[in-house]
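In this note's numbering, the protein residues as written are 1 to 484. Structure, as structure tokens:
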Ligand code: NAD
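Given below as structure tokens:
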């Protein structure tokens with residue numbers, strides 16, 4: 001059986017890459033090779049940039065309501081293809097079908113939010129800044145933008161950006177993760193069939209060579225990156241060197257504080273979803289539990305009991321609650337962290353290593369894992385595991401919890417579970433994290449709010465989604481007017 005090399009989408013056409021290097025796209029539940037991703041060359045990437053540049057001049061002159069009408073059509077087409085899009089996502093990424101559906105709901109919500117651009121892109125003015133002189137701000141598009149996307153949300157992440165970019169009159173290039181290109185291929189097939197004008201939206205597959213060409217080109221103006229902090233920092237520096245705007249949404253280690261006054265049952269249910277949803281491969285996944293005072297013992301027991309009940313398997317199959325890790329490498333990394341936790345002296349209450357799904361012996365499965373007696377200096381307490389592992393640290397009070405949170409370099413999300421309004425208010429006031437949850441396990445902002453993040457979890461100032469995205473993709477021009 002021949003496995004197809006996925007194509008780039010440049011200037012409104014599907015183009016075979018000339019790349020000699022490819023990466024296998026593997027179904028992580030079965031081990032089956034689904035396709036290959038070409039590591040596109042700089043020349044191929046430049047062809048996409050040139051098409052996007054040529055399209056920009058006519059696209060920015062297209063009336064704003066016409067631009068968003070295209071977004072509406074794409075939105076409707078995604079809705080019509082909802083089931084197929086969700087299935088492709090599960091096949092290439094491994095998350096359960098319900099999780100894929102959830103991802104596509106948020107994908108569509110981002111497009112819906114961007115259809116408000118006729119309002120969101122409005123400038124402002126002041127009359128008579130001096131006698132007979134008026135001043136205004138207009139928000140103009142800049143040119144060709146691009147995103148560099150991660151493997152964990154291959155359907156949704158590019159839509160934090162491109163609907164806002166093209167809605168405001170820019171043109172756009174998506175660079176998907178080479179591990180999971182098929183969701184974007186499917187989306188671009190749908191968009192292609194709608195007949196969007198050539199060059200407005202393009203896609204180039206690949207790795208560093210394509211990304212470097214996008215950054216170095218004199219014809220691109222800005223980058224949205226979502227991925228690890230390590231790679232994000234490299235690219236943030238590089239975009240600065242080339243004088244581009246950029247927004248970098250990086251890695252995470254999200255601390256969840258559980259107070260003794262919380263509702264235990266509801267808290268446990270939220271925590272299980274937070275740590276095990278998408279097999280722990282979310283930038284907003286729970287990273288560590290800080291169990292305050294005497295909630296520690298009942299909470300730990302309930303978490304172990306709840307974890308044991310989770311059904312692990314192929315996400316397309318009925319009743320499965322947690323899929324595999326998205327890659328063999330991901331699985332090995334998570335197992336490495338569990339080994340390290342044991343070695344560093346944490347108490348392993350539930351061990352997900354060696355998890356077997358008999359019908360799928362080649363899948364990259366790791367079962368739910370719970371560690372107690374974790375200390376802040378252990379690697380499982382400090383680093384992003386990106387897998388279904390719950391490390392529990394027992395702390396005496398809220399101050400100790402916040403001290404531990406602030407000692408960690410990341411600041412993507414943090415939650416507190418409590419029935420005290422005072423504690424909740426103090427938490428949201430003091431904790432340095434971009435997304436704060438009060439009795440919420442996964443603090444995922446809807447499309448009208450910025451997808452926030454602080455400290456090492458974010459570089460830049462404007463985030464993805466909502467008004468932040470509109471501001472990122474536009475430039476404020478001041479006009480001062482006097483008529484003689
Ligand atoms: P990654 O950093 O390995 O890759 C992200 C993208 O960068 C991919 O498209 C990849 O091809 C590209 N890339 C990798 N190395 C590169 C290089 N040297 N030069 C140029 N491009 C390069 O990240 P990943 O493993 O795909 O994604 C997981 C990470 O993403 C986790 O850390 C997770 O927390 C983070 N993430 C963050 C958010 C957020 O909003 N903060 C959202 C989703 C995922």
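In this text, a Cβ means the ideal position worked out from N, Cα and C, and glycines have one as well. Values in this document were obtained by computation on a predicted structure and should not be read as measured data.
Simplified DSSP state of residue i, which is helix, strand or coil
i           : result
residue 193 : helix
residue 110 : helix
residue 127 : strand
residue 474 : strand
residue 369 : strand
residue 180 : coil
residue 492 : Past the edges of the chain, shown from 1 to 484, lies residue 492, and the structure says nothing about it.
residue 200 : coil
residue 481 : strand
residue 375 : coil
residue 486 : Residue 486 lies beyond the residue range present for the chain, which begins at 1 and ends at 484; the question has no answer from this structure.
residue 508 : What the structure shows of the chain is the stretch from 1 to 484, and residue 508 is not part of that stretch, so it cannot be assessed.
residue 141 : strand
residue 295 : helix
residue 263 : coil
residue 391 : strand
residue 420 : coil
residue 435 : strand
residue 212 : helix
residue 60  : helix
Length of the line joining the Cα atoms of residue i and residue j
i           : j           : result
residue 128 : residue 466 : 32 Å
residue 172 : residue 158 : 10 Å
residue 32  : residue 441 : 33 Å
residue 212 : residue 244 : 13 Å
residue 398 : residue 404 : 10 Å
residue 198 : residue 13  : 8 Å
residue 486 : residue 483 : Limits of the chain in this structure are 1 at one end and 484 at the other, which puts residue 486 out of reach.
residue 269 : residue 302 : 9 Å
residue 410 : residue 457 : 5 Å
residue 291 : residue 377 : 16 Å
residue 238 : residue 148 : 14 Å
residue 334 : residue 138 : 49 Å
residue 85  : residue 259 : 40 Å
residue 43  : residue 221 : 18 Å
residue 388 : residue 71  : 36 Å
residue 362 : residue 82  : 28 Å
residue 420 : residue 439 : 11 Å
residue 326 : residue 298 : 32 Å
residue 76  : residue 111 : 10 Å
residue 232 : residue 131 : 49 Å
residue 113 : residue 350 : 42 Å
Ligand 1 heavy atom lying under 7 Å from the CB of residue i
i           : result
residue 148 : yes
residue 158 : no
residue 249 : yes
residue 228 : yes
residue 44  : no
residue 544 : The displayed coordinates of the chain run from 1 to 484. Any statement about residue 544 would go beyond what the structure contains.
residue 153 : yes
residue 235 : yes
residue 443 : no
residue 287 : no
residue 384 : yes
residue 175 : yes
residue 457 : yes
residue 231 : yes
residue 208 : yes
residue 78  : no
residue 278 : no
residue 324 : no
residue 451 : yes
residue 211 : yes
Given residue i as reference, the closest of the options once Cα atoms are compared
i           : options            : result
residue 5   : 237, 12, 20        : 20
residue 418 : 207, 262, 99       : 262
residue 91  : 180, 126, 57, 146  : 180
residue 123 : 483, 484, 482, 478 : 478
residue 275 : 259, 310, 450      : 310
residue 277 : 425, 291, 95, 174  : 95
residue 318 : 61, 99, 431, 481   : 99
residue 79  : 345, 105, 97       : 105
residue 395 : 446, 370, 294, 329 : 294
residue 343 : 371, 316, 330, 365 : 371
residue 36  : 464, 54, 97, 182   : 182
residue 59  : 114, 374, 165      : 165
residue 448 : 435, 459, 428, 469 : 469
residue 87  : 408, 328, 186, 272 : 186
Short CB-CB distance (under 8 Å) between residue i and chain D
i           : result
residue 413 : Looking at the structure shown, chain D is missing, and only one protein chain is on hand.
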